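Down below is the structure, laid out as structure tokens.
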Amino acid sequence: MNRLWRVLYQPRQVFDEIREGTPIVLPLCAILIVGFVCYVMIVLTDTALPYYFLEVLVAIFLSLWSLTWTLILMLA
């Protein structure tokens, strides 16, 4: 509960602590894992068109989420 309060009250300080303790390889591995999951979802699954459209949206969301947090961790 104390950690949650710190995140809500001082997000920048908590984020800086997390960023300092995170090696640069971790966000890059996260990008590769998310990319692989998106590849498997889009290319290797044999689904109908509506499901394919949904998978593309999920893949775009996961890619943007991963890219956003990677940029935050690396550039903040």
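So the number in this note's numbering is just where the residue sits in the sequence shown, counting from 1, plus 957. By construction, the Cβ of each residue, glycine as well, lies at the ideal position given by its N, Cα and C atoms. From a predicted model like this one, the values you see are computed outputs, not experimental measurements.
Around the Cβ of P984, a 10 Å sphere holds 16 or more other Cβ atoms; the residue is buried.
Membership of P984 in the alpha helix (DSSP H) is indicated by the continuous run V982 to Y996. By the C-beta density criterion, C986 is exposed, having fewer than 16 other C-beta atoms within 10 angstroms. In the DSSP annotation of this structure, the continuous segment of the alpha helix (DSSP H) that includes V971 starts and ends at P968 to E977.
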